[in-house]
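Trainee: Just so you know, the protein sequences line up as chains A, B, C and D, in that order.
First residue of the first sequence: 1, per the working numbering; consecutive thereafter.
First residue of the second sequence: 349, per the working numbering; consecutive thereafter.
First residue of the third sequence: 697, per the working numbering; consecutive thereafter.
First residue of the fourth sequence: 1045, per the working numbering; consecutive thereafter.
Quick reminder that beta carbons are idealized off the backbone N, C-alpha and C, glycines included.
A single structure is presented below for examination.
Number of protein chains: 4
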Amino acid sequence: MQPQIEVGVLGATGMVGQHFVKFLQGHPWFKLTWVGASDRSAGKKYREATAWRLAGQMPAEVAELTVSDCKPGNAPKLVFSATDASVATEIEQAFANAGHTVVSNSRNHRMDADVPLLVPELNADHLGILPAQRAKRGWSGAIVTNPNCSTIVLTMALGPLKQFGIQRVLVTTMQAISGAGYPGVPSMDITANVVPYIGGEEEKMQIETQKILGDFTGGELRALEAKVSAHCNRVPVVDGHLAATSVEFSSKVKAEDLIAAFDTFTAMPQQLNLPSAPKRPVIYMPAADRPQPRRDAERENGMACFVGRVRECPVFDFKFIALGHNTVRGAAGAAVLNAELMQAQGLL
Amino acid sequence: MQPQIEVGVLGATGMVGQHFVKFLQGHPWFKLTWVGASDRSAGKKYREATAWRLAGQMPAEVAELTVSDCKPGNAPKLVFSATDASVATEIEQAFANAGHTVVSNSRNHRMDADVPLLVPELNADHLGILPAQRAKRGWSGAIVTNPNCSTIVLTMALGPLKQFGIQRVLVTTMQAISGAGYPGVPSMDITANVVPYIGGEEEKMQIETQKILGDFTGGELRALEAKVSAHCNRVPVVDGHLAATSVEFSSKVKAEDLIAAFDTFTAMPQQLNLPSAPKRPVIYMPAADRPQPRRDAERENGMACFVGRVRECPVFDFKFIALGHNTVRGAAGAAVLNAELMQAQGLL
Amino acid sequence: MQPQIEVGVLGATGMVGQHFVKFLQGHPWFKLTWVGASDRSAGKKYREATAWRLAGQMPAEVAELTVSDCKPGNAPKLVFSATDASVATEIEQAFANAGHTVVSNSRNHRMDADVPLLVPELNADHLGILPAQRAKRGWSGAIVTNPNCSTIVLTMALGPLKQFGIQRVLVTTMQAISGAGYPGVPSMDITANVVPYIGGEEEKMQIETQKILGDFTGGELRALEAKVSAHCNRVPVVDGHLAATSVEFSSKVKAEDLIAAFDTFTAMPQQLNLPSAPKRPVIYMPAADRPQPRRDAERENGMACFVGRVRECPVFDFKFIALGHNTVRGAAGAAVLNAELMQAQGLL
Amino acid sequence: MQPQIEVGVLGATGMVGQHFVKFLQGHPWFKLTWVGASDRSAGKKYREATAWRLAGQMPAEVAELTVSDCKPGNAPKLVFSATDASVATEIEQAFANAGHTVVSNSRNHRMDADVPLLVPELNADHLGILPAQRAKRGWSGAIVTNPNCSTIVLTMALGPLKQFGIQRVLVTTMQAISGAGYPGVPSMDITANVVPYIGGEEEKMQIETQKILGDFTGGELRALEAKVSAHCNRVPVVDGHLAATSVEFSSKVKAEDLIAAFDTFTAMPQQLNLPSAPKRPVIYMPAADRPQPRRDAERENGMACFVGRVRECPVFDFKFIALGHNTVRGAAGAAVLNAELMQAQGLL
């Protein structure tokens, strides 16, 4: 089957934009035909405007596209947004206002009350807020967002456990350097070192997690009332964020209940057989010392969450370690899966 | 002043033993005159028996010592134990029975009810159990231990906060490769990777912390009743263990109270001006992204604990990051400071 | 097409053996049906006998094979040898004597006068020595070897330049930790460090290069008379060996001649369309700072050699940098390509 | 003895400037009383104008200095230059013209025919060109430079061998990230990777080496006629540049001659007992796998060159590995030693 749906990428020349370009290569439904970037790049070929930094070659069919500026007009109806936070608010709203569906990786609208912060395995029903979004904002288009790259790891691991009544979550992340883009973290800061601080990251993990795991009441998105606290650290790892997590539940559960919940977890993306959906969204690894970022993050095309070391926690009920690929499931892959869900549900 | 007190090191040829040899170099009170190791090494010169792996040269005056086997007899009264856990129980008991004071870095006797697990800044009074130890075991000597290298970081940071009523502690460590000795962690496991598992480490941190922060009642060592849960991870850092810590207190406190408690903390080693005591045992670093292992662990000769990022925790009361040098304050330096305290108190 | 030719792996449970098992997975011609290892493993399932250390899962169809001891008998006619050098001489000779074709990655027979040290793109004609090998040794089978993992990078880069008359070669390698197997290099030795020594490596590079680039006269393998000197270093890189190379030629050449020679180089594996042959054996990268091990070694399934920075050398004629994947093209992939060539030429 | 000579640092707030500030702390002769930087910093306290990035604290006595702009006037007669190459030509010349002695780490004037490229152990007599410099330029002051951080390692290792008639030198460097300053090399480029390119570095090593090892004829600085070729690579090491070196001599020598030359090498800085001079400028390490950057670069306060692995080279006469600390002996320490030599010789 040939891809039928033309798509664009806003902010296509930057690092996140490049991840979109790479992830969309060979996509069975979506065909990248439009790339938008700043005025400085507009009018150039994509290959001229872009310092390609990813492994592998720049896709040949994208290399020859002419870069447009980030204004609606000739862009396809579906656009992925990889725009920088400094400009994303204005650009994304302009596109939504002009009738585009903006599936965004930027943080700007994630916490807006009328914008879904979507993880298709966890809260597909949150898309139900879109009519309210359009009504309130007077848009013919829409904005849908995906979470921050560390939040996605935590929430995918917590999703299967929501049934047990999550009360309190304490998480410490060990995050890969690719999460900071390029040039990102100076090597003088991180070589044989850990930086115990990532600006704004802890707040994002805390509030995004509550929103994602919350409920759509039919009228509004109601955040989960669980308390969440995050310690975020940068470690000298290329790809893959780890989350050392302790959780308190309202119900009595056993370790094997948690493991069974991970092992059997499946959701709408799997049922709809979406092209980018991992066969199993959460994979429990029984080995004592797994998952590990360098060895495991790229499995399942980087779209699954890997969990290990479920054990009792002397302070809360259980503790475990979770891993996800920050530039795939934590960025471009997340957004593309969001768009696939919307397409499968007739929302594009 | 010339060092007057002759000391020996049990297990002197191994990695921890080498740290003792290095740390004792130039010590104002203690003169290393005796090195013990396995039968395989006994009779050789120390320089012949030892594959020296530390930065800098092997101390010239130790290089020419003849290695003894690890049996009491001609050893000095004060011996530091760097023996492997597989043989430490038997060797240390034999020396204590023969009248030696064994100041040990090995884990074997740490949790014995009649053995002090000593951190001079925190529980100097725990040495009060020694008469009971001698009486019960029929020893003329004694065994005194120091904690595991990750425990020391956590407990030194918690010590100044004990006054606020520590209820619950959740800690995630990021531990340096030097903590695993040599050859230790294979580079294939840890290069650009994190290993979210260190065998036995979490249990040690949990129970040792309770014992160290507990009280000596006059008759027995009573553990602190706080709950402690640890996630232990190995990261590609050479020296320095980080502990991302959340704490719940029984009293109402503010962030500035914690910072003041760190800044003003001083204890017996400082009051006695012990040679290896850091001027300030806990140093609060106000920069947003400190402490960091590569940049900070070696400050204060590696004998202080560095704390940063005190902030409110949405789940418990406060969270912060703590750092200590695992092979100095976490091993040889800890034991030597223990011996200095005993000497200053007339217990040798 | 289903694979038709049954093959075995000697030393299948070790690291190199695991690379063979992984590389052979899904091979169109060869089906792995027999795994040999030491007595300690014999009789166990492969999955029981093997601590699998590679990325990805152990191939399911191999996991259930029963490990044999490394003696000829029920093994397939074609066996790959990943045996340790300490036992390879005896084992490989026993198999060759018993009629097996032993395609070996071990170093033991590489420099034997009657054993091909085969790189199919460079010296396919060296297989012509096999009748002499069989005659001299009285074997019905044969031994064919591939070079050391650093030699292959150098020789593949030099191959296209042989036409210009190679006189002198000075090469400095920067070699990945995976080249030392598991546990291999201790992390304490290589984290944020370089070890300027790899035992025996320089000698291997020097003499193997001369043999590989030499000629088969019809009667004997005659080494190239060029002088070769190697400096070998271990660097903290996971996969991919770099070779900074200066070369003196007998003919006058220009930089563009070298680049054209790399770009147009093709040889028998490409002409025969062997399954594991890279489309282009040597790929010249024009970017100023490429090739790089982490970004480039895995391209082309790890089977090509990447060259960059061809420029004039003030001491010799030209200098350049070359890169190859040490555990793929430098080990298992090299041997499998050797076997493919032999199969295509009717030599199995 | 109290330091008597007031000194300034041009470009004091940058990374190299910080290395000067750190290195001058506690200097017995030189007292840092003046710091110059760009207009943006001028007028601020040094502690306000500077993002201190080095290990340890900013020296307290420097922290309170007020930053001047980089114009002569109130600066001390002796100034060290850590100015950026983009502005160094103009600034350094203005200071020299105004009567200052500019001891510079910048590259701008290194290759000027009338400017000494000074390594006190190797070419102290090159200072003899200063009268000609002053005469030609009409300066009352002067400019003296030190070499690039990789050149210094190579030349200090070659210095003791000059007596054997150096004909050809082929060197491959493995250079630390600190050589690129801050933010310098992005971690995405160098983590678990090697970058086989450092802009301009190879040319600098080639020509600077010839100038340093050349002779002062009385009238001019005549470059050594040896041919030098460099391959420069960036490796994930914090401090310490390695140089894998092959050398051809005009005289017949043996390995023991080279080792003796290294071991016995001493020169004017040692004879004058200059404060920053290493006791032995070149230290030969006999262990098979030394020197190593992480373990050895900081020895001798980072001021010595370490050499190892002297062995025959099949292409040239001998090969060896050399190591030096790039931010100490390769930058600030080099310049300070230059000034010490000038002071001891009455040239300040």
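Can you confirm whether M156 of chain A, when its beta carbon is compared against all beta carbons of chain D, has any partner nearer than 8 angstroms?
Mentor: no
Trainee: Name the chain B residues that come within less than 8 angstroms of Y980 of chain C, Cβ to Cβ?
Mentor: Going along chain B, no residue has its Cβ under 8 angstroms from Y980 of chain C, so there is no contact; the nearest lies around 28 angstroms.
Trainee: Does R40 of chain A pass the burial test, meaning 16 or more other C-beta atoms within 10 Å, or should it be called exposed?
Mentor: By the 10 Å Cβ count, R40 of chain A comes out exposed.
Trainee: Just to confirm, are A1341 of chain D and L1381 of chain D a CB contact at a threshold of 8 angstroms?
Mentor: Contact: no.
Trainee: Could you work out which residues of chain C lie near T191 of chain A, taking near to mean beta carbons separated by less than 7 angstroms?
Mentor: A888
Trainee: Looking at the secondary structure, which residues open and close the beta strand (DSSP E) in which H589 of chain B lies?
Mentor: H589 to F597
Trainee: Throw me the rounded Cβ distance for the F428 of chain B and L358 of chain B pair, which I believe falls under 8 angstroms.
Mentor: 7 angstroms
Trainee: Could you tell me whether the region 355-374 of chain B touches the region 402-421 of chain B, where touching means 3 or more Cβ pairs closer than 8 angstroms?
Mentor: yes
Trainee: Between the region 1214-1243 of chain D and chain A, which residues of the former have CB atoms less than 7 angstroms from a CB of the latter, in chain order?
Mentor: I1221, S1222, Y1226, P1227, G1228, V1229, P1230, S1231, M1232, I1234, T1235 and A1236
Trainee: For a minimum of 3 consecutive residues, which ranges assigned as the beta strand (DSSP E) are wholly contained in the region 1305-1388 of chain D?
Mentor: 1326-1329, 1349-1356 and 1362-1368
Trainee: When you compare the CB positions of A230 of chain A and V171 of chain A, do they come within less than 8 angstroms of one another, or not?
Mentor: Closer than 8 angstroms, so yes.
Trainee: Quick check on I862 of chain C: does DSSP put it in helix, strand or coil?
Mentor: strand
Trainee: Identify which residue in D:G1117, D:L1109 and D:A1375 has its Cα closest to the Cα of R1091 of chain D.
Mentor: D:L1109
Trainee: Starting from the N-terminal side, write out each stretch of the alpha helix (DSSP H) that is 4 residues or longer and does not extend beyond the region 423-454 of chain B.
Mentor: Segments of the alpha helix (DSSP H) lying fully in the region 423-454 of chain B: 433-445.
Trainee: Determine the DSSP secondary structure at H457 of chain B, reduced to helix, strand or coil.
Mentor: coil
Trainee: In chain order, which continuous runs of the beta strand (DSSP E) of length 3 or greater are located wholly inside the region 172-234 of chain A?
Mentor: The qualifying runs are 227-234.
Trainee: Would a check of beta-carbon distances place P989 of chain C closer than 8 angstroms to chain B?
Mentor: no
Trainee: Applying the criterion that 16 or more other CB atoms from any shown protein chain within 10 Å of the CB defines a buried residue, is G548 of chain B buried or exposed?
Mentor: Under this definition G548 of chain B is an exposed residue.
Trainee: Which residue wins for smallest C-alpha separation from A442 of chain B, given the options B:S535, B:M459 and B:D417?
Mentor: B:D417
Trainee: What residues of chain C sit near V586 of chain B, judged by a beta carbon separation below 7 angstroms?
Mentor: Chain C residues near V586 of chain B: T887 and A888.
Trainee: Which residue's Cα is closest to the Cα of P987 of chain C: C:I873, C:A940 and C:K907?
Mentor: C:A940
Trainee: With 8 angstroms as the C-beta to C-beta threshold (strictly closer), list the residues of the region 53-75 of chain A near chain C in chain order.
Mentor: Shown in chain order are the members of the region 53-75 of chain A whose Cβ falls below 8 angstroms from a Cβ of chain C: A55 and G56.
Trainee: To the nearest whole angstrom, what separates the beta carbons of R455 of chain B and K552 of chain B, a pair I think is in contact under 8 angstroms?
Mentor: With 8 angstroms as the limit, R455 of chain B and K552 of chain B qualify as a contact, their Cβ atoms being about 7 angstroms apart.
Trainee: What do you reckon, are the CB atoms on V1279 of chain D and V934 of chain C nearer than 8 angstroms?
Mentor: no
Trainee: Between the alpha carbons of L506 of chain B and A682 of chain B, how many angstroms are there, rounded?
Mentor: Each residue's alpha carbon lies about 17 angstroms from the other.
Trainee: Looking at chain A, which residues of the region 649-666 of chain B have a Cβ within less than 8 angstroms of any of its Cβ atoms?
Mentor: G656, R657, C661, P662, V663 and F664
Trainee: How would you write the range of the beta strand (DSSP E) that L348 of chain A sits in, first residue to last?
Mentor: Taken as a continuous stretch (DSSP letters only), L348 of chain A belongs to no beta strand (DSSP E), as it is neither H nor E.
Trainee: Using a cut-off of 9 angstroms between C-beta atoms, extract the partners of A288 of chain A located in chain B.
Mentor: Y545 and G547
Trainee: Could you check which residue in D:M1155, D:D1169, D:A1107 and D:L1302 has the C-alpha nearest to that of A1311 of chain D?
Mentor: Among D:M1155, D:D1169, D:A1107 and D:L1302, the Cα nearest to that of A1311 of chain D belongs to D:D1169.
Trainee: For a quick check, are the C-beta atoms of R1005 of chain C and P1240 of chain D less than 8 angstroms apart?
Mentor: yes
Trainee: Would you kindly report the start and end of the unbroken beta strand (DSSP E) that includes E1050 of chain D?
Mentor: Start and end: I1049 to L1054.
Trainee: To the nearest whole angstrom, what separates the beta carbons of V798 of chain C and E786 of chain C, a pair I think is in contact under 8 angstroms?
Mentor: Contact doesn't hold; Cβ gap of about 12 angstroms is too wide.
Trainee: Please report the distance separating the alpha-carbon of L1166 of chain D from that of M1200 of chain D.
Mentor: 7 angstroms
Trainee: Within the continuous alpha helix (DSSP H) that includes I1187 of chain D, where are the two ends?
Mentor: Unbroken run through I1187 of chain D is the beta strand (DSSP E), A1186 to T1189; no alpha helix (DSSP H).
Trainee: Could you give the distance in angstroms between the alpha-carbon of I546 of chain B and the alpha-carbon of I525 of chain B?
Mentor: 11 angstroms
Trainee: CB-CB under 6 angstroms to E6 of chain A, same chain, minus the five flanking residues each way: which ones, in chain order?
Mentor: Spatial neighbours of E6 of chain A in its own chain (CB-CB distance under 6 angstroms, excluding positions within 5 residues in sequence) are listed in chain order as K31, T33 and P76.
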